[in-house]
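Chemist: For the sequence shown, my numbering gives the first residue as 355, with consecutive numbering after it. The beta-carbon is built from N, C-alpha and C at its ideal position, and this holds for glycine as well.
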Amino acid sequence: MQDLTRCVHHPAVSQEGFASMAVPTYRASTIVYPNAKSFSQRSKRGFDGYTYGLHGTPTTRTLEAKLTELHRGVRTILVPSGQAAASMILLTFLLPGDKVLIPDNVYSPVRYFCNDYLKPRGIDHEVYDPLIGAGISDQIDARTKLVWVESPGSGTMEVQDVPAIIQAAKSKGALVACDNTWATPLLFKPLSHGADFAVEALTKYVGGHSDLLLGSITVADIELRQRIKLVLRDTRWSRFDFHRQHYHHQCPAITHA
């Protein structure tokens, strides 16, 4: 065997007997398979198997699993930022003719996204008083597909009656997404109160040191996760994660803290 061949066919080093306290940073695009049969069946792995670096590695899956457990959710999806998490939900679950309700204290970029991107495409938004509680029922009509809550609210810090809002939304068939960045799952678990999505800017409290950009979506139902993953796949936002936000390096910064 020539040396140039040896360079690309390096001897395999067994990992058996080795384990570290911290999950290593796995960086990969192409995933290696033990044999041709395993490679040919990679599509059967669905959203959970390791098929390509874009779709997850043990590094990213570890952080997703930790967030899922803390939120008492079903699955978690990592995205480049908190705003990316919010935008992904709005893009996935709203169609032309639909309406979303957002609180007046919503994180400003969410309002900008509704105004500048959704509205020109026939998706309306309506602002509500964050302290409205169960009274939000009067603003929910047949076109309302999503109710957005944020408690405490960005900047003005109102604490919403999230359970009452969720109950009103559910009674009329609307989904509920909660921006839980301020509270984190340590202080409030939206999914335990009936929300469909818990959204967080991991950049903030979870990151802890103002040195990373990352967001997450934790879902209460696996079907919701599958729909989001399809949009992520088709928009290739996960490429942005890996190549622009140094995705694999940021996950250990949280899991090792």
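From the DSSP output, which residues share a beta bridge with R426?
Modeler: Numbered from 1 along the sequence shown, position 72 holds the residue referred to as residue 426. DSSP, once it has assigned bridges, lists no residue as partnering R426.
Chemist: So, for F596: in the same chain, excluding its five sequence neighbours on each side, which residues have a beta-carbon less than 6 angstroms away from its beta-carbon?
Modeler: Stepping through the sequence shown from its first residue, residue 596 is reached at position 242. Confidence is the limiting factor: at F596 the pLDDT is only 44, short of 50, which leaves the residue's position unreliable, though a coordinate-based value still follows. Answer for F596: no residue qualifies.
Chemist: Using a Cβ-Cβ cutoff of less than 7 angstroms, which residues in the same chain neighbour H547 once the five nearest sequence positions on both sides are dropped?
Modeler: Working through the sequence shown from its first residue, we reach residue 547 at position 193. Around H547: V516, P517 and I520.
Chemist: Who are Y482's beta bridge partners in DSSP?
Modeler: Against the sequence shown, residue 482 aligns to sequence position 128. Beta-bridge pairing links Y482 to P457.
Chemist: Classify D550 as helix, strand or coil using the three-state DSSP reduction.
Modeler: Taking the first residue of the sequence shown as 1, we reach residue 550 at position 196. D550: coil per DSSP, three-state reduction.
Chemist: Kindly confirm or deny that the segment 411–420 and the segment 438–457 touch, where touching means at least three C-beta pairs closer than 8 angstroms.
Modeler: Short answer: they don't touch.
Chemist: Where DSSP assigns a beta bridge to V530, which residues make up the other side?
Modeler: For the purposes of this step, residue 530 is taken as the residue at position 176 of the sequence shown. In the DSSP output, where bridge partners are listed per residue, V530 has V501.
Chemist: Beta strand (DSSP E) containing S491: first to last residue?
Modeler: The residue labelled residue 491 in the question sits at position 137 within the sequence shown. Note, S491: premise wrong, no beta strand (DSSP E); not H, not E.
Chemist: Under 7 angstroms Cβ to Cβ from V377, same chain only, skipping five residues before and after it: list those, please.
Modeler: Numbered from its first residue, the sequence shown carries residue 377 at position 23. So the list reads P412, T413, T416, P606 and T609, once near-sequence residues are dropped.
Chemist: Starting from G569, trace the beta strand (DSSP E) both ways and give me its first and last residue.
Modeler: To locate residue 569, count along the sequence shown from 1; it is residue 215. Start and end: G569 to V573.
Chemist: List the residues that DSSP assigns as beta-bridge partners of V433.
Modeler: To locate residue 433, count along the sequence shown from 1; it is residue 79. In the DSSP output, where bridge partners are listed per residue, V433 has G569.
Chemist: Beta-carbon within less than 7 angstroms of N534's beta-carbon, same chain only, minus the 5 sequence neighbours each way: which residues are those?
Modeler: Reading the sequence shown from its first residue, position 180 is the one you call residue 534. Excluding sequence neighbours, N534 sits near F542, P544, A552, V553 and E554.
Chemist: Please state whether the Cβ-Cβ distance between V513 and V530 is less than 8 angstroms.
Modeler: In the sequence shown, residue 513 corresponds to position 159, counting from 1. In the sequence shown, residue 530 corresponds to position 176, counting from 1. No. Outside cutoff.
Chemist: Among the candidates A522, H363, R381 and M375, whose CA atom is the shortest distance from the CA of G410?
Modeler: The sequence position of residue 410 within the sequence shown is 56, counting from 1. Nearest C-alpha to G410: R381.
Chemist: Cutting at 6 angstroms between CB atoms, please list the residues of its own chain near S435, excluding the five before and the five after it.
Modeler: Counted from its first residue, the sequence shown places residue 435 at position 81. Contacts found: L567 and G569.
Chemist: Rank D495, M511, R497 and G476 by C-alpha distance to the C-alpha of P457 and give the top, closest one.
Modeler: Taking the sequence shown and counting its residues from 1, one reaches residue 457 at position 103. Nearest C-alpha to P457: M511.
Chemist: Suppose you measure from the CA of A537 to the CA of A488; what does that come to, to the nearest Å?
Modeler: As a position in the sequence shown, residue 537 is number 183, starting the count at 1. As a position in the sequence shown, residue 488 is number 134, starting the count at 1. Roughly 21 angstroms between the two C-alpha positions.
Chemist: Buried or exposed for A366, going by 16 or more other Cβ atoms inside 10 Å?
Modeler: In the sequence shown, counting from the first residue as 1, residue 366 sits at position 12. Exposed, because fewer than 16 other Cβ atoms sit within 10 Å of the Cβ of A366.
Chemist: Does the distance from the CB of I431 to the CB of I576 come in under 8 angstroms?
Modeler: One-based indexing of the sequence shown puts residue 431 at position 77. One-based indexing of the sequence shown puts residue 576 at position 222. In this structure, I576 does not lie closer than 8 angstroms to I431 by Cβ.
Chemist: Leaving aside the five residues before and after P539 along the sequence, list all residues of the same chain whose C-beta is less than 6 angstroms from its C-beta, in chain order.
Modeler: Position 185 of the sequence shown, counting from 1, holds the residue named residue 539. Excluding sequence neighbours, P539 sits near L424 and H425.
Chemist: Of the residues L584, S508, D588 and Q395, which one's Cα is nearest the Cα of K558?
Modeler: Position 204 of the sequence shown, counted from the first residue, corresponds to residue 558. Here the closest residue by C-alpha is S508.
Chemist: How is the alpha helix (DSSP H) around T538 delimited, first residue to last?
Modeler: One-based indexing of the sequence shown puts residue 538 at position 184. From DSSP, the alpha helix (DSSP H) with T538 extends over T538 to L541.
Chemist: Between the Cα of P484 and those of L455, A438, T379 and L578, spot the shortest distance and give me the residue it belongs to.
Modeler: Here residue 484 is taken as the residue at index 130 of the sequence shown, counted from 1. Cα-wise, what sits closest to P484 is L455.
Chemist: Quick one: what does DSSP say A438 is sitting in, helix, strand or coil?
Modeler: As a first step, residue 438 is located in the sequence shown; it is residue number 84 there, counting from the start. Note: A438 maps to helix in three-state DSSP.
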